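Numbering (the working numbering), first residue to last: 2 to 97.
Printed below as a string of structure tokens:
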């Protein structure tokens with residue numbers, strides 16, 4: 002998985018490319034942890050995110066709870082959207 006992170010004031014933008022699974026979830030967690038100080042919003046561009054597992058969902062949930070703000074997923078692929086709907090994450094996160 003490739004992760005491109007950009008921090009702008011209180012917003013962290015992450016561009017995700019590849020699969021977010023048990024192997025790559027720790028990479029995303031580390032990328033978030035490195036820049037979480039002062040962050041109240043996270044935007045994740047999921048245009049090139051092909052797959053998300055329960056380990057990836059756990060990272061999203063942890064990040065959402067940590068920032069106490071908005072976690073926005075945009076450009077979500079249909080396969081990832083299906084997982085978010087089945088698990089109820091569409092009610093927790095902002096999907097654009």
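From the three backbone atoms N, C-alpha and C, an ideal C-beta is built for every residue, glycine too.
Only a predicted model underlies this, so the values are computations on that prediction, with no experimental measurement involved.
How many whole angstroms separate the CB atoms of residue i and residue j, which I take to be in contact at a CB cut-off of 8 Å?
i, j, result
"residue 15", "residue 45", "5 Å"
"residue 73", "residue 97", "6 Å"
List the residues that DSSP assigns as beta-bridge partners of residue i.
i, result
"residue 98", "With the chain covering only 2 through 97, there is no way to say anything about residue 98."
"residue 53", "21"
"residue 6", "15"
Measuring straight from C-alpha to C-alpha, what distance separates residue i and residue j?
i, j, result
"residue 37", "residue 12", "9 Å"
"residue 56", "residue 75", "19 Å"
"residue 52", "residue 41", "26 Å"
"residue 81", "residue 90", "11 Å"
"residue 79", "residue 94", "16 Å"
"residue 70", "residue 2", "25 Å"
"residue 39", "residue 9", "10 Å"
"residue 62", "residue 22", "14 Å"
"residue 6", "residue 28", "12 Å"
Look at the Cβ atom of residue i, then the Cβ atom of residue j, and state whether they are nearer than 9 Å.
i, j, result
"residue 88", "residue 33", "no"
"residue 65", "residue 43", "yes"
"residue 50", "residue 18", "yes"
"residue 77", "residue 47", "yes"
"residue 54", "residue 26", "yes"
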